[in-house]
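Numbering (the numbering used here), first residue to last: 1 to 267. Reading through the structure tokens given below for one structure.
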């Protein structure tokens, strides 16, 4: 019988990198903010089992931006798994990351845990969608490990979170996702996502719903229209216990490296 230790994960989300090292998103150089977040996380990285990169890795979907991220992750010394977001090009992402420090698995055995990584990228849209093949892969992954607690990972938030402009960019078939999750209540313990550029800790039918800040700009929670928040860039840490329990929290850098213009109306 296996004796499993706690599995420690870090979620790094929405870095929005550019080919240009000086590329910025609403005035924040995204390589610089990512570097600040990774520096903050360094103390945890030494005991981290895996890093989850939950989409919008690149803003311009350039090979150079993905190669930069792969090189930076190589220096972390931790296994890194990635999924695409709406700003990514999944094909270019896969091509640029192949053979490097970041892989793109659909399922990962993580000690006693079953990590299921889904691609919610919808070509031509900022909203998300889980194609039939993704939903089938989720069900197959859950069926294959019936005794394992599961964490489901995707880019888009699976349900509206109370910010009208952002909720238009939700996963458009969240009901299909939850229909599957509801069939495996003893297994599925959490749904982890990015996209929302803010911390979110919720629950649905006993399943934790966890959103993460971006490593660059943050969206103001509950805003009617696009609005930036003064909250700083950060990451989410998770401790997955062998009994299926999840401990988690958010850590943020102390300030923005460059002035934040709260008057920006979108990007």
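We put the CB at the ideal spot given by N, CA and C, even for glycine.
{"Check": "Which of helix, strand or coil DSSP assigns to residue 30", "Outcome": "helix"}
{"Check": "Proximity of residue 185 and residue 170 at Cβ, strictly below 8 Å", "Outcome": "no"}
{"Check": "Length of the line joining the Cα atoms of residue 257 and residue 165", "Outcome": "27 Å"}
{"Check": "Collapsed DSSP secondary structure at residue 150 in the structure displayed", "Outcome": "strand"}
{"Check": "Span separating the alpha-carbon of residue 61 from that of residue 219", "Outcome": "21 Å"}
{"Check": "Nearest-angstrom Cα separation, counted from residue 238 out to residue 81", "Outcome": "15 Å"}
{"Check": "Own chain partners of residue 101 with C-beta closer than 7 Å, once the 5 adjacent residues on each side are dropped", "Outcome": "70, 73, 74 and 80"}
{"Check": "Inter-stretch contact (C-beta, 8 Å, three-pair minimum) for the stretch 39 to 58 and the stretch 241 to 248", "Outcome": "no"}
{"Check": "Residue span of the beta strand (DSSP E) that contains residue 7, given as start and end", "Outcome": "7 to 12"}
{"Check": "Residue 192 versus residue 139: straight-line alpha-carbon distance, rounded", "Outcome": "17 Å"}
{"Check": "The beta strand (DSSP E) enclosing residue 238, as first and last residue numbers", "Outcome": "234 to 240"}
{"Check": "Buried versus exposed, by CB contacts within 10 Å (16 or more), residue 189", "Outcome": "buried"}
{"Check": "Assumed close pair residue 40, residue 30 - CB separation to whole angstroms, cut-off 8 Å", "Outcome": "Wrong, their Cβ atoms sit about 16 Å apart, outside the cutoff."}
{"Check": "CA nearest to the CA of residue 42, picked from 10, 58 and 20", "Outcome": "10"}
{"Check": "8 Å contact criterion, which residue 279 and residue 235 should meet: CB distance rounded", "Outcome": "Residue 279 falls outside the range modelled here, since the chain spans only 1 to 267, and no answer is possible."}
{"Check": "Three CB pairs or more closer than 8 Å across the stretch 174 to 181 and the stretch 105 to 113", "Outcome": "no"}
{"Check": "C-beta atoms of residue 194 and residue 85 nearer than 8 Å", "Outcome": "yes"}
{"Check": "C-beta atoms of residue 210 and residue 230 nearer than 8 Å", "Outcome": "no"}
{"Check": "Identity of the residues DSSP links to residue 321 by a beta bridge", "Outcome": "Because the chain here runs from 1 to 267, residue 321 falls outside it and cannot be looked at."}
{"Check": "8 Å contact criterion, which residue 278 and residue 240 should meet: CB distance rounded", "Outcome": "This structure cannot settle anything about residue 278, because the visible part of the chain is limited to 1 through 267."}
{"Check": "According to DSSP, residues forming a beta bridge with residue 117", "Outcome": "153"}
{"Check": "Pairwise C-alpha distance: residue 119 and residue 56", "Outcome": "12 Å"}
{"Check": "Close-in-space but distant-in-sequence residues of the same chain around residue 59 (CB under 8 Å, 5 per side omitted)", "Outcome": "16, 17, 18, 23, 25, 30, 65 and 87"}
{"Check": "Unbroken alpha helix (DSSP H) run spanning residue 174, endpoints", "Outcome": "174 to 181"}
{"Check": "Pairwise C-alpha distance: residue 77 and residue 111", "Outcome": "19 Å"}
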